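A.B. asks: One structure is given below, represented as structure tokens, and several questions about it will come after.
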Amino acid sequence: MSRIGLGTLTWGRDTDEHDAADLLKTFWEAGGNLVDTADVYGDGESEYLLGKLMDGLVPRRDLVISTKAGSVPDPDRRFDGSRGHLLSALDASLARLGTDHVDVWHVHAYDPATPLDETLEALDIAVGSGRVRYAGVSNFCGWQLAKAATWQLAAPGARTRLASTQMEYSLLQRGVEREVLPAALDLGIGLLPSSPLGRGVLTGKYRNDSAPRDSRGASSISPLRRAVSRRHGRQDRGGRDHRGGRPRRDRAAGGPRLGP
């Protein structure tokens, strides 16, 4: 798996097919192979577009596909970690992607309304059926990650050991270092940092207070952004020197996922 991953949150929404094709081809030609998506990105359009590009632009065998399930467009219930929902969402993802399996499948978020063992059973079924090679979780806090991982280790029968956890991690967002990263290290779980460029703020495109007023680069993080730029960037490089920064140095960290 490549050290850097490609995120596809905006594909099929703000990123059209032409731009997505350019991004994927450039990423692949540079040696990248980890592509991350989710069933809710663009209401499924992200997965559909990725599947379409794999059909003719980049061979499926050359990519490590990671997708997620569990987030739902329901204002009353944002997450559904039930076994039935997760497995039906997985089948829908496979259909949109045009593949018979995904390499990594994450539960998108912790669902307090569903017993955790039911959520984890969906991972066991998915891996056992061959539809998923490795399973993990996303946006679980430290105790949630530890509970899920130890349940899989202690529960009777053939259980799927958690391979990874995905969390936002950058010089602007380091909360993962408090509990999630130590838990992942102790449990032998890989961390897939998302938004290592601070959702674009650390790319260097916002310099000399040029960010629009409604931009993330103009928010309360501006002083930190400027400090990073002064410390590491120099005038022509902004904050880009540290795009992989701390996450790539931590032993538990896997490939930072560039892109939204």
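Just add 9 to the spot in the sequence shown (first one is 1) and you have our numbering. Beta carbons are placed, not taken as given, at the ideal position from N, Cα and C, and that holds for glycine. Everything numeric in this text was worked out from a predicted model, so none of it was measured.
Look up Leu-18 in the DSSP assignment and say whether it is helix, strand or coil.
C.D. replies: Looking up residue 18 in the sequence shown gives position 9. In the structure shown, Leu-18 sits in coil (DSSP, three-state: anything other than H, G, I, E or B).
A.B. asks: What separation, rounded to the nearest whole angstrom, lies between the Cα atoms of His-27 and Lys-156?
C.D. replies: Along the sequence shown, one-based indexing puts residue 27 at 18. Along the sequence shown, one-based indexing puts residue 156 at 147. Taking the straight line joining both Cα atoms gives about 43 Å.
A.B. asks: Where do the ends of the beta strand (DSSP E) carrying Leu-177 lie?
C.D. replies: The residue given as residue 177 occupies position 168 in the sequence shown. Sequence check: residue 177 is Glu here, not Leu. Looking at the DSSP string, the run of the beta strand (DSSP E) that includes Glu-177 is 173-177.
A.B. asks: On a Cα-Cα basis, can you pick out the residue from Asp-89, Ile-13, His-115 and Met-176 that is closest to Trp-37?
C.D. replies: The count along the sequence shown starts at 1 and reaches residue 37 at position 28. Nearest option by C-alpha distance: Ile-13.
A.B. asks: On the three-state DSSP scale, how would you describe Val-116?
C.D. replies: By one-based count along the sequence shown, residue 116 stands at place 107. Val-116: strand per DSSP, three-state reduction.
A.B. asks: Determine the DSSP secondary structure at Pro-202, reduced to helix, strand or coil.
C.D. replies: Looking up residue 202 in the sequence shown gives position 193. Of the three classes helix, strand and coil, the one that applies to Pro-202 here is strand, per DSSP.
A.B. asks: Under three-state DSSP, which class holds Asp-28?
C.D. replies: As a position in the sequence shown, residue 28 is number 19, starting the count at 1. Helix at Asp-28.
A.B. asks: To the nearest angstrom, how far is it from the Cα of Pro-124 to the Cα of Ser-91?
C.D. replies: By 1-based counting over the sequence shown, the position of residue 124 is 115. By 1-based counting over the sequence shown, the position of residue 91 is 82. Cα-Cα distance, rounded: 8 Å.
A.B. asks: Applying the criterion that 16 or more other CB atoms from any shown protein chain within 10 Å of the CB defines a buried residue, is Asp-133 buried or exposed?
C.D. replies: Mapped onto the sequence shown, residue 133 falls at position 124. With 16 or more Cβ atoms within 10 Å of its Cβ, Asp-133 is classed as buried.
A.B. asks: By alpha-carbon positions, which one of Thr-128, Asp-100 and Asp-85 ends up nearest to Ser-138?
C.D. replies: In the sequence shown, counting from the first residue as 1, residue 138 sits at position 129. For Ser-138, the nearest C-alpha among the options comes from Asp-100.
A.B. asks: Rounded to whole angstroms, what's the CA-CA distance from Thr-169 to Gly-145? Just pull it up for me.
C.D. replies: For the purposes of this step, residue 169 is identified with residue 160 of the sequence shown, where counting begins at 1. For the purposes of this step, residue 145 is identified with residue 136 of the sequence shown, where counting begins at 1. Taking the straight line joining both Cα atoms gives about 9 Å.
A.B. asks: Pull up the CB-CB distance for Asp-112 and Ser-75, whole angstroms please, since I reckon it's below 8 Å.
C.D. replies: By one-based count along the sequence shown, residue 112 stands at place 103. By one-based count along the sequence shown, residue 75 stands at place 66. About 6 Å separates the two Cβ atoms, so the contact holds.
A.B. asks: Any idea which residues DSSP pairs Thr-76 with across the strands?
C.D. replies: What you label residue 76 is simply residue 67 of the sequence shown in a count that begins at 1. Partner(s): Trp-114.
A.B. asks: Taking C-alpha atoms, which residue in Gly-209, Leu-129 and Ala-122 lies nearest to Gln-182?
C.D. replies: In the sequence shown, the residue the question calls residue 182 occupies position 173. Among Gly-209, Leu-129 and Ala-122, the Cα nearest to that of Gln-182 is on Gly-209.
A.B. asks: Could you spell out the range, first to last residue, of the beta strand (DSSP E) harbouring Gly-145?
C.D. replies: Taking the first residue of the sequence shown as position 1, residue 145 is located at position 136. Its beta strand (DSSP E) spans residues 141-147.
A.B. asks: Taking all protein chains shown into account, decide if Leu-201 is buried (16 or more other Cβ within 10 angstroms of its Cβ) or exposed.
C.D. replies: As a first step, residue 201 is located in the sequence shown; it is residue number 192 there, counting from the start. Buried, because 16 or more other Cβ atoms sit within 10 Å of the Cβ of Leu-201.
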